[in-house]
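Undergrad: Residue numbers (the numbering used here): 225 to 611. Here a beta-carbon is modelled for each residue, glycine too, at the ideal position from N, C-alpha and C.
#1: What is the residue span of the beta strand (DSSP E) that residue 457 lies within?
#2: Measure the alpha-carbon distance for residue 335 versus residue 449 and round it to whole angstroms.
#3: Determine the closest residue to residue 339 out of 316, 289, 328 and 307, with distance taken between C-alpha atoms.
#4: Excluding the 5 residues preceding and the 5 following residue 492 in the sequence, name in chain order all residues of the same chain whose CB lies nearer than 8 Å to its CB.
#5: When the Cα atoms are used, what is the spatial distance from residue 526 to residue 467?
#6: Alpha carbon to alpha carbon, how far is residue 301 from residue 446?
#7: CA-CA distance, residue 291 and residue 284?
#8: How about residue 466: is its Cβ closer than 6 Å to a heavy atom in the ligand FAD?
#9: Using a Cβ-Cβ cut-off of 8 Å (strictly less than) and excluding sequence neighbours within five positions of residue 559, which residues of its own chain qualify?
#10: Are residue 386 and residue 465 close, meaning C-beta to C-beta below 7 Å?
#11: Please go through the same chain and pick out, in chain order, the residues whose beta-carbon is closer than 8 Å to the beta-carbon of residue 276, but skip the five residues on each side of it.
#12: Let me know if residue 479 comes out buried or exposed under the rule of 16 or more other beta-carbons within 10 Å of its beta-carbon.
#13: Do residue 266 and residue 398 have their C-beta atoms closer together than 7 Å?
#14: Pick out whichever of 331, 529, 429 and 259 has its Cα sitting closest to the Cα of residue 477.
#15: Only counting the same chain, and skipping five residues up and downstream in sequence, which positions put a Cβ closer than 6 Å to that of residue 546?
#16: Kindly indicate which residue of 569, 433, 481 and 573 has the alpha-carbon position closest to the one of residue 279.
#17: List the residues that DSSP assigns as beta-bridge partners of residue 584.
#18: Please state the DSSP three-state secondary structure of residue 521.
#19: Could you please give the first and the last residue of the uninterrupted beta strand (DSSP E) stretch that includes residue 529?
#20: List the whole-angstrom C-beta distance separating residue 502 from residue 572, where the pair is believed to meet the contact cut-off of C-beta under 8 Å.
#21: Between residue 485 and the rest of its own chain, which residues show a CB-CB distance below 7 Å, the 5 nearest in sequence each way excluded?
#22: Inspect the beta-carbon positions of residue 474 and residue 543 and report whether they are closer than 7 Å.
#23: Distance, Cα to Cα, residue 390 vs residue 358?
#24: Compare the beta carbon distance of residue 409 and residue 333 with 7 Å and say whether it is the shorter of the two.
#25: Would residue 441 be called buried (16 or more neighbouring beta carbons within 10 Å of its own) or exposed?
#26: Count the other CB atoms within 10 Å of the CB of residue 497; is the residue buried (16 or more) or exposed (fewer)?
#27: In whole angstroms, give me the CA-to-CA distance for residue 657 and residue 289.
#28: What would DSSP say about residue 505, mapped onto helix, strand or coil?
#29: Thinking just about the alpha-carbon of each residue, which of 495, 294, 423 and 532 is nearest to the one in residue 511?
#30: Terminal residues of the continuous alpha helix (DSSP H) containing residue 559?
#31: Give me the residue from 414, 257 and 341 with the minimum Cα distance to residue 328.
As structure tokens, then:
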């Protein structure tokens, strides 16, 4: 029931700015149009498919029937009806997922992850520029004195040259932070955590829309605050997005990924800061000529290769349900998780350990528990269990 409440609340808060704007007398002041456009872009960035579908359906029904054919593509029934159908399937997945273990609905979480990426790509290319162009049209051309510039061609500067790129960048910043919710849901084995994460995203969406409904300037202020926060968290969110994309790609195209596995220099992601490198940055683990384990990475995939030595100690590779984990034990026996290998290396832990000369390979905790149960039953019954 809570899942459907989240859907209704999300739809309501997305439509609040539109209804509030409808009450304004036309023509609206340029500041109101600017605030509405920024609110729509921010809301759609938080939840692209829901935002585009809600804005499109509201605009369609608020437009006279004889003018609906001239509306943008996202205002046409085929577009927003398709969006609502996909959203209904997502919420149905979440509603039924509470009755089953979290691991059983991970394939559907994986599909929702790709849906969020695809809808954001469509929105950034075919929705945000249209809204930004409307904002620029409401502002009108910016008159620049040619005497101060010496360039007659810039006498009347079209604001769309500024608003469209700025809107796309702002959309990307907010979306990449919102997309971390989908990545964390994919990594989380608990349905309750999934609910809390989606509730947090819905709360952010509600804050934007309610603030605009109270006053356009307040909505603009809240959106600016969200943009500043997104700018601050963007580097970490981008690294998490890349990790989630690599993880999802390995799970979906597992056979292709396994053929590209290289046990001698496996692909991995840092789980903590090491030698100035941030956590969740991707690279490869190699064995140096001196016998030291090293992590090699490139900034932005194009920069110069940076090589750092992993913490010294006893290195063990722990098998996982989805992917192996490299553990480091110091001289005091303190254990720390250092690296996370991609899922393509699941089942190849022994090959990786041999190539990197690791000290041991651990079975997963659930496997060790099952082994203990088998041993107990074997001792109790006095006969071996069939494998």
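TA: According to the data block:
#1: Indexing the chain shown from 1 puts residue 457 at position 233. No beta strand (DSSP E) holds residue 457; the alpha helix (DSSP H) holding it covers 440 to 476.
#2: Translated into positions along the chain shown, residue 335 becomes position 111. Translated into positions along the chain shown, residue 449 becomes position 225. Those two C-alpha atoms are separated by around 31 Å.
#3: Taking the chain shown and counting its residues from 1, the one referred to as residue 339 is at position 115. Closest option to residue 339, Cα to Cα, is 307.
#4: Indexing the chain shown from 1 puts residue 492 at position 268. The residues are 506, 507, 508, 509, 519, 550, 563, 564, 565 and 566.
#5: Reading the chain shown from its first residue, position 302 is the one you call residue 526. Reading the chain shown from its first residue, position 243 is the one you call residue 467. The alpha-carbon atoms of residue 526 and residue 467 are separated by roughly 17 Å.
#6: The count along the chain shown starts at 1 and reaches residue 301 at position 77. The count along the chain shown starts at 1 and reaches residue 446 at position 222. Between residue 301 and residue 446, the C-alpha separation is close to 31 Å.
#7: Walking along the chain shown from the start, residue 291 turns up at place 67. Walking along the chain shown from the start, residue 284 turns up at place 60. If I take the Cα positions, the gap works out to 9 Å.
#8: With respect to small molecules bound, the structure shown includes none, and the ligand FAD cannot be examined in it.
#9: Locating residue 559 in the chain shown gives position 335, counting from the first residue. Excluding sequence neighbours, residue 559 sits near 551, 552 and 553.
#10: Counting from one through the chain shown, the residue named residue 386 turns up at place 162. Counting from one through the chain shown, the residue named residue 465 turns up at place 241. Not in contact: residue 386 and residue 465 (Cβ atoms no closer than 7 Å).
#11: What you label residue 276 is simply residue 52 of the chain shown in a count that begins at 1. Around residue 276: 268, 298, 303, 304, 307, 343, 346, 347 and 351.
#12: For this step, residue 479 is matched to residue 255 along the chain shown. Answer is exposed; the Cβ neighbour count stays below 16.
#13: Translated into the one-based positions of the chain shown, residue 266 becomes position 42. Translated into the one-based positions of the chain shown, residue 398 becomes position 174. Contact flag set, yes.
#14: In the chain shown, residue 477 corresponds to position 253, counting from 1. Residue 331 is the option with its Cα nearest to residue 477.
#15: The residue you call residue 546 lines up with position 322 of the chain shown. Here the set comprises 567.
#16: Within the chain shown, the letter at position 55 stands for residue 279. If we check each option's Cα against that of residue 279, 433 comes out closest.
#17: Indexing the chain shown from 1 puts residue 584 at position 360. Paired residue(s): 540.
#18: If you number the chain shown from 1, residue 521 lands on position 297. The answer is strand: DSSP assigns residue 521 an E or B state.
#19: By one-based count along the chain shown, residue 529 stands at place 305. Taken as a continuous stretch (DSSP letters only), the beta strand (DSSP E) holding residue 529 covers 529 to 533.
#20: What you label residue 502 is simply residue 278 of the chain shown in a count that begins at 1. What you label residue 572 is simply residue 348 of the chain shown in a count that begins at 1. Residue 502 to residue 572, Cβ: 27 Å. No contact.
#21: Position 261 of the chain shown, counted from the first residue, corresponds to residue 485. Cβ neighbours of residue 485 beyond the five flanking positions: 568, 569 and 572.
#22: Mapped onto the chain shown, residue 474 falls at position 250. Mapped onto the chain shown, residue 543 falls at position 319. No. Outside cutoff.
#23: Here residue 390 refers to the residue found at position 166 when the chain shown is read from its first residue. Here residue 358 refers to the residue found at position 134 when the chain shown is read from its first residue. Answer to the nearest angstrom: the Cα atoms are 14 Å apart.
#24: Here the question's residue 409 lines up with position 185 in the chain shown. Here the question's residue 333 lines up with position 109 in the chain shown. Closer than 7 Å, so yes.
#25: Locating residue 441 in the chain shown gives position 217, where the first residue counts as 1. Looking at its Cβ environment, which holds fewer than 16 other Cβ atoms inside 10 Å, residue 441 is exposed.
#26: What you label residue 497 is simply residue 273 of the chain shown in a count that begins at 1. Result: exposed.
#27: No answer is possible for residue 657: it lies beyond the span of the chain, which begins at 225 and ends at 611.
#28: By one-based count along the chain shown, residue 505 stands at place 281. Of the three classes helix, strand and coil, the one that applies to residue 505 here is coil, per DSSP.
#29: If you number the chain shown from 1, residue 511 lands on position 287. Per the Cα distances, 532.
#30: What you label residue 559 is simply residue 335 of the chain shown in a count that begins at 1. Careful: residue 559 lies outside any alpha helix (DSSP H), inside the beta strand (DSSP E) at 559 to 565.
#31: By one-based count along the chain shown, residue 328 stands at place 104. Here the closest residue by C-alpha is 414.
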